[in-house]
Amino acid sequence: MRRQVLALLLALPLAAAHAQGAAPADCPKAADVTPRHLVGLWRAEFADGGAGATLLLEPHKEYAQSLSGEINRNGEKSRVAADLEDGAFTLEESADGRRISATWLGDLVEGSCGREIRGQWKPEGGGQERNFVLRRVQGW
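Under mature numbering (1 follows the signal peptide of the UniProt record, and there is no 0), read the sequence shown as residues -19 to -1, 1 to 121, first letter to last.
Shown next, in the form of structure tokens:
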């Protein structure tokens, strides 16, 4: 009984840290996140309140340290290719599968364990830039 009470008391600070939003011990720093950490389903939201999107990232079939996938905006789908280097995220979007239609430039949010990216979406041709947040829906 005494050991159970001691174990419970030792676990309380850890539980309190998680409740306060502290990162778990296995949470990688932004600079330590690799492309494989980004594989999965993401939700894109824009600061201007415009329609969001769902983004699926998978390992790139030809380039081991890159990602590819698809973005879905209410049924309209585009292909994407992405890279991650030292916490800096770059994603190119192609509506027709040949030409880049938009570029996403962002940074991993420190303390998010690789589950949040913030940056700017830039359409090709000089359209209006938009601030975005990508949040992991599921994945590693």
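We put the beta carbon where it would ideally sit given N, CA and C, even for glycine. Treat the numbers as computed from the prediction; the structure is a model and nothing was measured.
| Query | Result |
| --- | --- |
| Pull up the CB-CB distance for Gly50 and Leu37, whole angstroms please, since I reckon it's below 8 Å. | 5 Å |
| Smallest Cα separation from Leu72: which of Glu97, Lys58, Tyr44 and Ala62? | Ala62 |
| For Asn53, which option in Ser75, Glu105, Gln46 and Glu43 has the closest C-alpha, if you only look at C-alpha atoms? | Ser75 |
| Quickly, what does DSSP pair Gln101 with across the bridge? List them, please. | Leu86 and Asn112 |
| Among Ser93, Arg17, His18 and Thr84, which residue has its Cα nearest to the Cα of Gly106? | Thr84 |
| Quick one: using the 10 Å Cβ neighbour count with 16 as the cut-off for buried, is Gly2 buried or exposed? | Note that Gly2 scores a pLDDT of 49, beneath 50, so its modelled location is shaky; the value from the coordinates is reported in the next line. Exposed is the call here. |
| Which partner residues does Thr35 have in the DSSP bridge list? | Arg24 and Asn53 |
| With DSSP collapsed to three states, give me the class of Pro40. | strand |
| Please say whether Leu89 and Pro16 have beta carbons closer to each other than 8 Å? | no |
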